[in-house]
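The structure appears right after this line, and notes come after that.
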Amino acid sequence: MTEPERRLLTPEEYRQAQDSPEFTELRRRFRRFAVPMTVAFLAWYLLYVLLSTYAVDLMNTHVFGDVNLGILLGLGQFVTTFAITQAYVAYSARNTDPIADEMRSRLEAHEYRSEGQR
Amino acid sequence: MTIGTPAVNISIFGVFVLITLFVTFRASRNNASAADYYAAGRNISGTQNGLAISGDYLSAASFLGIAGAIAVYGYDGFLYSIGFLVAWLVALLLVAELLRNTARFTMADVLAFRMRQGPVRTAAALSTLAVSLFYLLAQMAGAGGLVTLLLGISGAGAQALVVVVVGALMIFYVLVGGMRGTTYVQMIKATLLIAGALVMTVWVLGKYGFNLSSLLGGAADTAAQQATPRDVLSPMGQYGASGTSKLDFVSLGLALVLGTAGLPHVLMRFYTVPTAKDARKSVVWAIWLIGFFYLFSLVIGYGAGALVGADRILAAPGAVNSAAPLLAFELGGTVLLGIIAGVAFATILAVVAGLTITASASFAHDIYNSVIKKGAASGTQEVRVARITSCVIGAVAIGLGILALQAGLNIAFLVALAFAVAASANLPTILYTLFWKRFTTRGALWSIYGGLISCLVLIVFSPVVSGAPVNPVTGVSPSLIQGDGFSWFPLNNPGLVSIPLAFFLGWLGTVLDRGGADADKYAELEVRSLTGIGAEKAVQH
Chain A
24 MTEPERRLLT PEEYRQAQDS PEFTELRRRF RRFAVPMTVA FLAWYLLYVL LSTYAVDLMN
84 THVFGDVNLG ILLGLGQFVT TFAITQAYVA YSARNTDPIA DEMRSRLEAH EYRSEGQR
Chain B
2 MTIGTPAVNI SIFGVFVLIT LFVTFRASRN NASAADYYAA GRNISGTQNG LAISGDYLSA
62 ASFLGIAGAI AVYGYDGFLY SIGFLVAWLV ALLLVAELLR NTARFTMADV LAFRMRQGPV
122 RTAAALSTLA VSLFYLLAQM AGAGGLVTLL LGISGAGAQA LVVVVVGALM IFYVLVGGMR
182 GTTYVQMIKA TLLIAGALVM TVWVLGKYGF NLSSLLGGAA DTAAQQATPR DVLSPMGQYG
242 ASGTSKLDFV SLGLALVLGT AGLPHVLMRF YTVPTAKDAR KSVVWAIWLI GFFYLFSLVI
302 GYGAGALVGA DRILAAPGAV NSAAPLLAFE LGGTVLLGII AGVAFATILA VVAGLTITAS
362 ASFAHDIYNS VIKKGAASGT QEVRVARITS CVIGAVAIGL GILALQAGLN IAFLVALAFA
422 VAASANLPTI LYTLFWKRFT TRGALWSIYG GLISCLVLIV FSPVVSGAPV NPVTGVSPSL
482 IQGDGFSWFP LNNPGLVSIP LAFFLGWLGT VLDRGGADAD KYAELEVRSL TGIGAEKAVQ
542 H
């Protein structure tokens, strides 16, 4: 009933892997997309909420027919959410997945074990 | 007042129950280990899990509450759907994959990863239980309103009986099916719900020549003729009354966008897939499905506002929450109403099952095994405790459901409170744990307890519980407690205060913690979260 014991790495291996240039690059690439994008979509969302709350007349501007600016910006939130989702999928497949996959197989082969450990 | 034919509604719901019971039985054959019971053996594909996440997330609040809020108040109801959707980007970019790579069964697995196990796990389990209970309360309140409207059942005893039946079914799904059975129920339900919403959307748009502007114009015209005329196209129809209510809107917006990535029952779904890439794929599917569903609910909401009208909606049992069923009856008569009613029941049943398995897993895995037994309990013992806990939570949910029948709060609003607790108690610690090297046990405890307690205290002393002014139309106060109130916090949603406070306490607790962070553990967490080394593998059958 217990699950098969996983072959764990030593703390030294994790430290070595964490300090390796390829991991630094992986982390840099991951954060370079995730952090600015998070700031951007949160700012855009909060701008939308604040405009809806404190700029009612502006949001009430009719753009065409009975569709006003508020509804359009709200639908714009849907569009940007879908766009960021697909951009992230494309970005990670090209920039982070290859490094992560390669490092994982090297970790599984214990290639980050230093000479002193056996 | 009832609408439609109760017999039709009951039979359509009965068909759903029979199908899902059959599926649950079949799924139960592979429920041997803890990984099977809690995480469906991690064998669910990314696409399937995306559908199941949608099923878990599109609760009665999304379907009934949002459509109702848009139908009655117009634009302000739209914010719920936008916040609920944009929130998924937090989960996609910052949480889903990293969590799948590092944790096993529960949210506490990752929160306690770098920390002293006992205290942090206990804190995380308590906040899991708190969020799940708020969410359960919302679902049961929805069930109560629907029952009165759709099954033609009135009288407290008969309504209580229906809640007991719903609760018993849910316990059965969870006990027999485990996470796999629950996942299949969610998938079936999500398919039905999205298909039902699509049919109603196309139908409504067809009546307006597939022109959004005409639909909005129709909604505005109907709303202008109601007893309380409203401009449903303008923001602040619901929240514009005062500076305080405007601030409440901002607070709600913040809680919605930061709550999703801290919801334990959503996080637990990431463990049911084989790899982090499947977790990513499931979130991508969920975002598209949920996004389109919310676009449908915009049309359904304005359609109900235009074709049914706010007066009839508010006069129906279940009030705001009855907009979508009333629109279904208006469009397609008894049959469409029966289908939508069956789907709404299925929605409640599936979400409640998902919440129950999350809460029981957290108790069994985090408190029973990790804290009480110090990790010595076997998988079998843990699953047995989880099953017993499911029964207890089921009983609590039935009790709350019977109480909720009398309360009559908007269920989207109750869910928003659950989001506020999740965003305050869980999200800061999740983000600090994953990304802040110096974060310590004290920081985690201060942030979890600070967020949880401040949130609960502010809710207790808010107009939600007492002291809201009496509504001149109904003659009662929207608060839970009538009469003289003891509220001093002006906002209904505490997020604006409690979320920044929890982030601040996490930082403060850490800088005041002389113990410092465990650098080895952070190295392990960081390497594992980004590369997937050592991640839990799928169970082979």
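As you go down the protein sequences, you meet chains A and B in turn.
Note that the first sequence covers residues 24 to 141 in the working numbering.
Note that the second sequence covers residues 2 to 542 in the working numbering.
Glycine is no exception: its CB is placed at the ideal position from the N, C-alpha and C atoms.
Length of the line joining the Cα atoms of residue i and residue j
i, j, result
"Ala362 of chain B", "Ala109 of chain B", "11 angstroms"
"Val16 of chain B", "Ala198 of chain B", "19 angstroms"
"Leu206 of chain B", "Ala159 of chain B", "38 angstroms"
"Lys438 of chain B", "Gly400 of chain B", "44 angstroms"
"Leu502 of chain B", "Arg101 of chain B", "28 angstroms"
"Glu134 of chain A", "Val384 of chain B", "37 angstroms"
"Leu459 of chain B", "Leu138 of chain B", "18 angstroms"
"Leu147 of chain B", "Thr25 of chain B", "25 angstroms"
"Thr48 of chain B", "Tyr185 of chain B", "13 angstroms"
"Gly510 of chain B", "Thr434 of chain B", "13 angstroms"
"Glu28 of chain A", "Gly535 of chain B", "Bear in mind that a pLDDT of 42 at Glu28 of chain A, under 50, signals an unreliable position, so the model cannot answer this."
"Arg54 of chain A", "Glu48 of chain A", "10 angstroms"
"Gln140 of chain A", "Leu70 of chain A", "Because the pLDDT at Gln140 of chain A is just 48, under 50, the model does not fix this residue reliably, and the value given afterwards should be weighed accordingly. Cα to Cα, Gln140 of chain A sits roughly 54 angstroms from Leu70 of chain A."
"Leu415 of chain B", "Val465 of chain B", "10 angstroms"
"Met188 of chain B", "Arg30 of chain B", "19 angstroms"
"Arg136 of chain A", "Leu130 of chain A", "9 angstroms"
"Ala144 of chain B", "Ala396 of chain B", "15 angstroms"
"Pro429 of chain B", "Trp489 of chain B", "26 angstroms"
"Ala377 of chain B", "Thr103 of chain B", "21 angstroms"
"Gly69 of chain B", "Gly484 of chain B", "27 angstroms"
"Thr25 of chain A", "Gly451 of chain B", "Because Thr25 of chain A sits at a pLDDT of 39, beneath the cut-off of 50, its placement in the model cannot be relied upon, and the point is left open."
"Glu525 of chain B", "Pro34 of chain A", "7 angstroms"
"Met2 of chain B", "Ser128 of chain B", "Residue confidence is low: Met2 of chain B scores 45 on pLDDT, short of 50, so the model does not pin down where it sits. Its coordinate-derived value is still stated next. Between Met2 of chain B and Ser128 of chain B, the C-alpha separation is close to 40 angstroms."
"Gly333 of chain B", "Gly75 of chain B", "23 angstroms"
"Ile122 of chain A", "Phe46 of chain A", "8 angstroms"
"Val165 of chain B", "Ala398 of chain B", "9 angstroms"
"Ala36 of chain B", "Arg388 of chain B", "14 angstroms"
"Arg51 of chain A", "Arg27 of chain B", "46 angstroms"
"Trp67 of chain A", "Val79 of chain A", "17 angstroms"
"Ser283 of chain B", "Met269 of chain B", "13 angstroms"
Beta-carbon proximity of residue i to residue j, cut-off 8 angstroms
i, j, result
"Val386 of chain B", "Ala131 of chain B", "no"
"Ile341 of chain B", "Pro318 of chain B", "no"
"Ala262 of chain B", "Leu95 of chain B", "yes"
"Ala417 of chain B", "Leu253 of chain B", "yes"
"Ser463 of chain B", "Phe487 of chain B", "no"
"Tyr240 of chain B", "Leu86 of chain B", "no"
"Tyr39 of chain B", "Phe106 of chain B", "yes"
"Ser235 of chain B", "Asn83 of chain A", "yes"
"Val102 of chain A", "Val285 of chain B", "no"
"Gly51 of chain B", "Asn322 of chain B", "no"
"Phe440 of chain B", "Gly260 of chain B", "no"
"Val111 of chain B", "Tyr37 of chain A", "no"
"Val498 of chain B", "Ser455 of chain B", "yes"
"Arg122 of chain B", "Asp367 of chain B", "yes"
"Ala225 of chain B", "Ala53 of chain B", "no"
"Ile291 of chain B", "Ser46 of chain B", "no"
"Pro230 of chain B", "Leu446 of chain B", "no"
For residue i, the first and last residue of its enclosing beta strand (DSSP E)
i, result
"Phe87 of chain A", "85-87"
Residue span of the alpha helix (DSSP H) that contains residue i, given as start and end
i, result
"Asn493 of chain B", "It is not in any alpha helix (DSSP H) - Asn493 of chain B carries neither H nor E in the DSSP assignment."
"Ser60 of chain B", "Element bounds for Ser60 of chain B: n/a, residue is neither H nor E."
"Thr348 of chain B", "324-363"
"Arg50 of chain A", "44-77"
"Ile1 of chain B", "There is no way to answer for residue 1 of chain B, as the model of chain B reaches only from 2 to 542."
"Leu152 of chain B", "Leu152 of chain B -> no alpha helix (DSSP H), and no H or E assigned at all."
"Ala118 of chain A", "Position check: residue 118 of chain A holds Asn in this sequence, whereas Ala was assumed. Start and end: 92-118."
"Trp89 of chain B", "76-91"
"Gln187 of chain B", "179-208"
"Asp485 of chain B", "Note, Asp485 of chain B: premise wrong, no alpha helix (DSSP H); not H, not E."
Contact belief for residue i with residue j at Cβ below 8 angstroms, rounded distance in angstroms
i, j, result
"Gly496 of chain B", "Ser425 of chain B", "7 angstroms"
"Ala97 of chain B", "Phe271 of chain B", "5 angstroms"
"Ala72 of chain B", "Gly306 of chain B", "4 angstroms"
"Phe346 of chain B", "Ala126 of chain B", "With a Cβ gap of about 30 angstroms, Phe346 of chain B and Ala126 of chain B do not count as contacting."
- Kindly confirm or deny that the stretch 84-95 of chain A and the stretch 208-228 of chain B touch, where touching means at least three C-beta pairs closer than 8 angstroms. yes
- Query: Would the stretch 100-120 of chain B and the stretch 388-407 of chain B be scored as touching if the rule is three or more Cβ pairs under 8 angstroms?
  - Reply: Between the stretch 100-120 of chain B and the stretch 388-407 of chain B there are fewer than three C-beta pairs closer than 8 angstroms, too few to call the two in contact.
- Item | the stretch 58-65 of chain A touching the stretch 86-101 of chain B, judged by at least three CB pairs closer than 8 angstroms | yes
- the stretch 289-308 of chain B contacting the stretch 169-176 of chain B, beta-carbon criterion three pairs below 8 angstroms: no
- Answer yes if the stretch 330-345 of chain B comes into contact with the stretch 242-250 of chain B, meaning at least three C-beta pairs across the two stretches below 8 angstroms, and no otherwise. With the cut-off at 8 angstroms, the stretch 242-250 of chain B and the stretch 330-345 of chain B do not touch.
- Message: Quick test of the definition: if touching needs 3 or more C-beta pairs under 8 angstroms, does the stretch 512-528 of chain B touch the stretch 271-291 of chain B?
- Response: Cβ pair count under 8 angstroms is below three, so no.
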